[in-house]
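To start, the structure under review is shown below, and the notes come after it.
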Amino acid sequence: GGTWLGITRKGRLAALTNYRDPAHLKDGAPSRGKLVSDFLRGGRSPQAYLRRLSTRAAQYNGFGLLVGTPDELCYFSNRGAYTRLLPGVHGMSNHLLDTPWPKVERGRQALSDILEKDKTPSPERMFALLADRTSPPDDRLPDTGVGLEWERVLSPLFIESPVYGTRSSTVLVIDRKGHVLFFERVFDSGADPWMTSRFDFQIDRK
Numbered sequence: 296g297g298t299w300l301g302i303t304r305k306g307r308l309a310a311l312t313n314y315r316d317p318a319h320l321k322d323g324a325p326s327r328g329k330l331v332s333d334f335l336r337g338g339r340s341p342q343a344y345l346r347r348l349s350t351r352a353a354q355y356n357g358f359g360l361l362v363g364t365p366d367e368l369c370y371f372s373n374r375g376a377y378t379r380l381l382p383g384v385h386g387m388s389n390h391l392l393d394t395p396w397p398k399v400e401r402g403r404q405a406l407s408d409i410l411e412k413d414k415t416p417s418p419e420r421m422f423a424l425l426a427d428r429t430s431p432p433d434d435r436l437p438d439t440g441v442g443l444e445w446e447r448v449l450s451p452l453f454i455e456s457p458v459y460g461t462r463s464s465t466v467l468v469i470d471r472k473g474h475v476l477f478f479e480r481v482f483d484s485g486a487d488p489w490m491t492s493r494f495d496f497q498i499d500r501k
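Here my numbering = 1-based position in the sequence shown + 295.
Right under this line is the structure:
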């Protein structure tokens with residue numbers, strides 16, 4: 296099976312987002328969730344994995360994929376982007392990495408502000424960031440082909456509507472010593488989580 300986010304005991308990390316492009320959806324395209332699980336289970340470096348993926352990436356519907364190890368972190372989209380990330384604050388949504396959508400810019404700035412005051416912020420502060428429901432004015436919304444009403448629905452960091460919304464929020468922290476903290480809140484409907492999970496472990500570098 297596949298997933299959208301995961302990390303292994305060896306510190307292999309992968310995260311996936313949909314690239315919002317409804318005009319170019321392909322019927323019968325393979326599952327993009329397997330891109331995450333394939334990297335997590337494999338042994339290739341991030342760059343080697345993405346080089347191999349690039350030869351068949353066009354068969355999938357649009358995606359953005361982040362893959363990494365304790366030594367490097369890389370981003371790839373089958374909509375024309377590849378980069379090895381440098382240290383800093385980045386934003387990944389439903390377009391290319393660091394696309395200046397209002398919620399991406401808002402999230403990056405909020406995270407930068409948090410880290411400026413506290414290099415090891417509490418999970419609660421991070422979850423508060425992810426719970427932001429601020430919607431920008433219409434003239435700042437992107438045009439991704441879903442219509443104005445849906446652009447409004449999808450514009451906050453935390454999405455709420457009767458038919459679509461944020462299903463989970465995850466905070467993943469890896470410190471310089473290789474200690475991993477993984478927190479996830481799953482939402483049924485509305486803002487109150489009905490399940491919270493926590494995992495912590497030391498990355499096995501052997």
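Glycine residues also receive a C-beta, built at the ideal position from the N, C-alpha and C atoms.
A quick note: this is a predicted structure, and the numbers were derived from the prediction, not measured.
| Query | Result |
| --- | --- |
| Compare the Cα-Cα distances from I278 to each of G323, P365, D433 and report the closest residue. | An answer regarding residue 278 cannot be provided, because it is not within the stretch 296 to 501 covered by the chain. |
| Is the beta carbon of V384 closer than 9 Å to that of R401? | no |
| Looking only at C-alpha atoms, which of V448, I454, F494, T439 sits nearest to L320? | T439 |
| Specify, as a first and last residue, the run of the beta strand (DSSP E) that I469 falls within. | 463–469 |
| At what residue ranges does the region 311–381 contain a whole run of the beta strand (DSSP E), taking only runs of 3 or more? | 358–363, 368–372, 376–379 |
| Out of curiosity, what's the CA-to-CA distance linking R480 and R379? | 29 Å |
| Report the rounded CA-to-CA distance for G357 versus D499, giving the unit in angstroms. | 33 Å |
| Using only alpha-carbon positions, find the residue among P432, S340, E367, T312 that is nearest to W299. | T312 |
| Cβ of L392 within 9 Å of Cβ of L425? | no |
| Quick one, which of L330, R315, W445 has its alpha-carbon nearest S430's? | W445 |
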